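Chains as they are written, first to last, in the numbering used here: chain A, 5 to 747; chain B, 5 to 747.
Protein chains: 2
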Amino acid sequence: MAETWTLAETAFRVSSARAYEGLFTLGSGYLHVRGSLEEHLEGAPQNASPLRTPDSVTAEKFVNLKAKWGTYVPGLFGRHPLLNREMINLPFFLDLAPHVGGERLDMEQSTIEAYRRELDLRAATLRRSLRWRTRAGPVLEVALARFVSAERPPLCVQRMTLSADRPVEVLVRAGLDADVRTNGYDHFADVAIEPAGSRGIACRVQTDAGDTARMVTRLAADASDWTYVASPRRGAWTFRLRLAAGGRGIVEKRTVVATSRDLAPCDPAAVLDELAATPYEALAAGHEAAWAARWDSCDVLVEGDQRSQHALRASLYHLLRAHVPGDPRVAIDAKGYAGEGYYGRYFWDTEMYIVPFFLYTDPPRARTLVDFRVHSLPGARANAAALGYPGARYAWESDGDGREACALWPYRDHEVHVTADVVYAMAHYAAAAEPEYLRGPAAEVILETARYWMARIDRRPGDDYPSLLGVMGPDEYTPICHNNAFTNRMVGFALALAAQTPGASAEEARAFAETARGLPIPRGADGVLVLQSEDFELLAEPQFERFWRDRRRPFSSQVPQERLYRTRCLKQGDVLMLMHLAPQEFSDAEVRRAWDYYLPYTTHDSSLSAGVHAIIACRLGLDEAAWDFWRRSAEIDLDVEHGGAAEGIHIACAGANWQVAVLGFAGLATALESDRLRLRPRLPHAWSRLAFPLVWKGCPVSVDIVPGTTTVRNRGTTPLPVTVGEETQEIPPGAAGRFRTRV
Amino acid sequence: MAETWTLAETAFRVSSARAYEGLFTLGSGYLHVRGSLEEHLEGAPQNASPLRTPDSVTAEKFVNLKAKWGTYVPGLFGRHPLLNREMINLPFFLDLAPHVGGERLDMEQSTIEAYRRELDLRAATLRRSLRWRTRAGPVLEVALARFVSAERPPLCVQRMTLSADRPVEVLVRAGLDADVRTNGYDHFADVAIEPAGSRGIACRVQTDAGDTARMVTRLAADASDWTYVASPRRGAWTFRLRLAAGGRGIVEKRTVVATSRDLAPCDPAAVLDELAATPYEALAAGHEAAWAARWDSCDVLVEGDQRSQHALRASLYHLLRAHVPGDPRVAIDAKGYAGEGYYGRYFWDTEMYIVPFFLYTDPPRARTLVDFRVHSLPGARANAAALGYPGARYAWESDGDGREACALWPYRDHEVHVTADVVYAMAHYAAAAEPEYLRGPAAEVILETARYWMARIDRRPGDDYPSLLGVMGPDEYTPICHNNAFTNRMVGFALALAAQTPGASAEEARAFAETARGLPIPRGADGVLVLQSEDFELLAEPQFERFWRDRRRPFSSQVPQERLYRTRCLKQGDVLMLMHLAPQEFSDAEVRRAWDYYLPYTTHDSSLSAGVHAIIACRLGLDEAAWDFWRRSAEIDLDVEHGGAAEGIHIACAGANWQVAVLGFAGLATALESDRLRLRPRLPHAWSRLAFPLVWKGCPVSVDIVPGTTTVRNRGTTPLPVTVGEETQEIPPGAAGRFRTRV
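Structure follows, in structure tokens:
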């Protein structure tokens, strides 16, 4: 059972070091730190600036080192000269390296036995244990643990425990390294590092954006010969631990981070002082209690298939970790604050993939996420103005201020649907949690984005309907198309909402409503097929059998972009994504037609694709397909052999995984689709049980599905009507309803 | 009359300094040097590397200094970290600066009177004269002259003549500066500069591509106190001239350049030794004689409108200058070796805009240009292979090896027509000059490009014809379209030729021919309108009246790219370009329909647009439009107020200007259009005479058009049938035929 709460690495391989760094990221919302080895690896300098190679300009990855440190505080952005605004990687504070007889513990060079590293998901704690057969002779048992406190979000606590088979002197280095880069670039305008007290280090960096980050780290150990070693942008203490045979030595390192942007400013040294007398165990207990409460609100129990349980818990862990409660100045970036892929920016991923999980488990956290777009409305207005439009246009890749940071024009200029997706998510939030949100905080967003759309929409000569031209839909392998079904429907939805939103003039409202009705959803000749765009059939066949030789690698890695752009290959489902978001608007026949037509064209090169396909497959009763897509979606970050989370967590995919379980296999209809709580369970054959808590329009509920029976317990205070399959029951408060289900 | 041979600057303005630098570029084919001031300007450092600004990445211009040195030897390419392979700007050798009483001659700071600078087009010599009222009191007359020898292409000769109104001592600095950049980047892996003899400087640079360039400069003056001043990457001599009142002092500077790539290697010092006894006047006379012979072969005489004559001679001067005779390793880059715009790369401009001028005036020079594509076939093969195609694919922006150097994917990946344009130009060359070329040197190019096309062409499900999808036509404001009429016709032409080319198997030949026949030329509903592409009508109206507020500036500078890409705005004529290249395939009604439909959509933001419109207007008898477009095309580089040639000469436009005069106003049908020499003169009202030499299929001819009469003289050795308007005469060798013409 504990196994399903643990992600374990049982042998160290340098080839998967970066993947585990990402997967083992710890965080408190406020502070995140990748799962880097405390003692680091040789030959992986973290201060390289490989900007000067011609091919790196458009590449997302500047470096391909064997290890990549990452320390992130959401909201700290700086300006990269080539890549535009990005999240800044802060100084590395985990450094803790034992040396024996001049040999530094080194996972590549040293003789290591009995290695195990595990992330305890329930306790959000990373532990490593190993036996180190030193070249000098002594054999050391090394145990390391660390957590970023859920109770004290700016605090990271580390502990190293050493014991040896004979008396030995261990030299320990414990430092703080500010000589780091972000995507190869140095964002620090100023760095100051100095000893703080007899066993501490204080660091202050000023970013190129003018923000400051301060870190104070403090060491505790029964050791001697404490020496401070300074080098440019680095500081470290060294000290000696004398271990008796069989005796133990313990080193603790506590670091507190503060920035000039904090909503709750603190003095790192004062926090450390305050906690000085609190032992490790007490700090850990408080941290674990906070995580236990989080898990209670959202854990999804799966029985019958440990891999599924594993993957789902990993997803939920990272979703919980990455969320910053109560801070509407940030959302959850595309890599979940676990790497520099996508530059720490905010995408539609938040609205479409991540919000539902929080919305149905912890609505106030969902509100923080939708509030982010209210907060960043000025940036969206600036984006619209920069392109000559009125109103507000949300960025394809947003920084904390809502400003467009995407450096690649096809996405930046053409993937406009994000502006409608923002409104969709607000409507979703309102329907599920707070109806008055639409006329309150969301109103200005709805109206301002509608004004942008009205200027962005064209009416071609000869046409008697409006058109949205030159757009990129979710399928990014068709960069510029016309009347994209997904985009048109989302924009139509947003405009229809705007027509009913206070603040629109009567004339505006009429125009919004009329345009919403007029935007076409293009159809194939049979009238059943929804076309991805009106010009989709002008594209050629992708000829996968000829060009997609290695199906384990993305299609896009095997053909030039030019072929992607002139053929019907899809990066991810586009029409099916639409049918996932608005299932009630399409008949099963239409969904099935779209599935049959697009699936052979779909590469699933995007990690956002498989989850949506699993959900659609559930609707269509395609159990085998649903299972295959579930596996693909669920295990992306666990697949360390193929990179996994090396660049960060696929956090949208994590959100999709929750949706597959709850909207797919349990068949929950969203609050936009249904006023009443409705489930259509369809358990995978391998699963003997699926159970989870929900909040349905303010009412806490728990759902427990086993083959043939679904039990819904009303944990609220008023009766709750529930439909499962075709059967409806009204469940009294505190009671449970049992439903017979087909599967 | 001399006025029409002279481009003059009568007042120095720093705002137009860069435009004149480009316009006044001197060159011998082998060596080119921008018209920079010998003494330079303050505050225009030539060693800046402004690479680190976020917005510069996609910009073509890295620096916007008030002066920009440029020294170019065609074929010397290096690798820019952001921009890819580019022509390297070599060390600056013109430096020659007089100082009086500590004051350096400075066009901005000094008191200057009687200023005049002129480029003598006939003599290809740049002269400057001015009166310098020094702060110390003496008034100096300064005269400067220089030329890059047409007789000795690696040699540049400079002379400065000084006289004063009273006795004065002038300190002169004369140096060589290798601390230069190309688009902000330092391409020199190694630089050595040292004194060479008592009055010389020798410089050797090694480029990042491993090529070397050597320069030896030598000074002559009746002066004293010769002192060599060394600084990093720079070397200079200073010396003192003592002028009596009314007496003259003369300084001569001769520089010879050699590179490791030279077809005719030389030792610069030995060349200078050899010429040591030859006086300036003799060198100038040899140079001018060589230019006179060039002008004889191609000068176009215009009477009645001096502006036209002026502009045309300027165009022809730069075409003659930029051509490198006998070296098939280079073509003529997009800025005519007069600046770093477009990075010194080779575009379709060579084939479509420049070749015709040489082809009908000096066919061996045209052959060198088409041979460049034969020479660079291996690069074209590598380009195809890099994208997974067989055969050969010519680069949108080619370096000397034919490799793709374009860093911007829409052009690089999608503007594929260049590969067909290359074949078109070979066919044009063969038809006009050397029919056997097609079965000889061109055959492999024709076959290999045909093999690329066969793999690049798709057949969509349900279609019974082949399609060329995802292309950019000459109108670069529609980045990715399907079945572009221009591209399809050019590819069809190339494939039809390939079907008849030895080396193709019977099966291949059948497939080439069938595909050539099948590629559609899309049409509008009326069957008369040729559509730019099959999806052109899906685009929106560009709404110029609303968004193009300042018509003197490009439309693209006033709207975001996103609007360009979703509307029917054209950067340049696309269908009309096709009708210009294949006039015989379209009726006047079709041409007129295309003109009426596309002209309102055409921004002419490209300098390639106006000339083609002038030619089409001539065909359609639209005299006023023809004249307006002629003016726009003819004077682009002369328009120093709007930048003119600041980044280099619009050399394709120069070629187009010749075409407007000869194919447009004289109405010459090309050898691809007509087997017989055919003219349809239509003189502009302002012109009283248009006369030019031609070579028609090996037969030298001179044409002289005055209102109502056209005279064609056969300067060859066999009778020549000629049609002017509707009348045909066979003109005996040595005789002239007179034709009555309408206008």
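Every residue gets a Cβ at the ideal spot worked out from N, C-alpha and C, and that includes glycine.
Keep in mind it's a predicted model, so treat the numbers as computed, not measured.
Inter-residue spacing [alpha-carbon to alpha-carbon] between residue i and residue j
| i | j | result |
| --- | --- | --- |
| residue 589 of chain A | residue 397 of chain A | 26 Å |
| residue 386 of chain B | residue 417 of chain B | 14 Å |
| residue 639 of chain A | residue 532 of chain A | 34 Å |
| residue 211 of chain B | residue 196 of chain B | 12 Å |
| residue 420 of chain A | residue 502 of chain B | 44 Å |
| residue 446 of chain B | residue 435 of chain B | 13 Å |
| residue 490 of chain B | residue 449 of chain A | 45 Å |
| residue 65 of chain B | residue 90 of chain B | Caution is warranted here: a pLDDT of 45 is assigned to residue 65 of chain B, below 50, making its placement in the model unreliable, and no coordinate value can be reported. |
| residue 56 of chain A | residue 70 of chain B | At residue 56 of chain A the pLDDT is 45, less than 50, meaning the model places this residue with poor confidence; the figure from the coordinates comes in the next sentence. Those two C-alpha atoms are separated by around 27 Å. |
| residue 286 of chain A | residue 730 of chain A | 51 Å |
| residue 26 of chain B | residue 641 of chain B | 9 Å |
| residue 696 of chain A | residue 101 of chain A | 42 Å |
| residue 84 of chain A | residue 349 of chain B | 29 Å |
| residue 733 of chain A | residue 557 of chain A | 48 Å |
| residue 739 of chain B | residue 694 of chain B | 19 Å |
| residue 59 of chain B | residue 42 of chain A | At residue 59 of chain B, the pLDDT of 40 sits below 50, so the modelled position is not reliable and the matter cannot be decided from this model. |
| residue 564 of chain B | residue 592 of chain B | 36 Å |
| residue 594 of chain B | residue 647 of chain B | 37 Å |
Presumed contact (8 Å Cβ cut-off) between residue i and residue j, rounded CB distance
| i | j | result |
| --- | --- | --- |
| residue 576 of chain B | residue 483 of chain B | 14 Å between Cβ atoms; not a contact. |
| residue 222 of chain A | residue 207 of chain A | Not really, about 12 Å apart at Cβ, beyond 8 Å. |
| residue 755 of chain B | residue 429 of chain B | There is no way to answer for residue 755 of chain B, as the model of chain B reaches only from 5 to 747. |
| residue 601 of chain A | residue 574 of chain A | Their Cβ separation, rounded to whole angstroms, is 11 Å, which puts residue 601 of chain A and residue 574 of chain A out of contact at 8 Å. |
| residue 664 of chain A | residue 692 of chain A | 18 Å between Cβ atoms; not a contact. |
| residue 603 of chain B | residue 481 of chain B | Contact doesn't hold; Cβ gap of about 15 Å is too wide. |
| residue 653 of chain B | residue 339 of chain B | 6 Å |
| residue 375 of chain B | residue 414 of chain B | About 30 Å; that fails the 8 Å criterion. |
| residue 247 of chain B | residue 174 of chain B | 6 Å |
| residue 230 of chain A | residue 178 of chain A | Rounded, the Cβ-Cβ distance is 10 Å, inconsistent with contact. |
Cβ neighbour criterion (16 or more within 10 Å) applied to residue i
| i | result |
| --- | --- |
| residue 755 of chain B | Because chain B here runs from 5 to 747, residue 755 of chain B falls outside it and cannot be looked at. |
| residue 267 of chain A | exposed |
| residue 191 of chain B | buried |
| residue 325 of chain A | buried |
| residue 233 of chain A | exposed |
| residue 440 of chain B | exposed |
| residue 20 of chain A | buried |
| residue 745 of chain B | buried |
| residue 609 of chain B | buried |
| residue 401 of chain B | buried |
| residue 555 of chain B | exposed |
Sufficient close CB pairs (3 or more, under 8 Å) joining the region 455-470 of chain A to the region 509-519 of chain A = yes
query = Taking one C-beta from the region 29-47 of chain B and one from the region 69-79 of chain B each time, how about it: are there three or more such pairs within less than 8 Å?
reply = yes
request  = For the region 417-432 of chain A and the region 103-119 of chain A, state whether three or more C-beta atom pairs, one from each stretch, are separated by less than 8 Å.
outcome  = no
ask   = Quick one: complete beta strand (DSSP E) runs, 3+ long, within the region 666-716 of chain B?
value = 681-683, 693-700 and 703-710
ask   = Does the region 130-147 of chain B come close enough to the region 106-120 of chain B to have 3 or more Cβ pairs within less than 8 Å?
value = yes
inquiry  = Taking contact to mean 3 or more Cβ pairs, one atom from each stretch, closer than 8 Å, check whether the region 378-394 of chain B and the region 403-410 of chain B are in contact.
reply    = yes
ask   = How about the region 707-716 of chain A and the region 680-691 of chain A: do they share at least three Cβ pairs that are nearer than 8 Å?
value = yes
request  = Decide yes or no for the touch test of the region 251-260 of chain A against the region 165-173 of chain A: beta carbon pairs closer than 8 Å, at least 3 of them.
outcome  = yes
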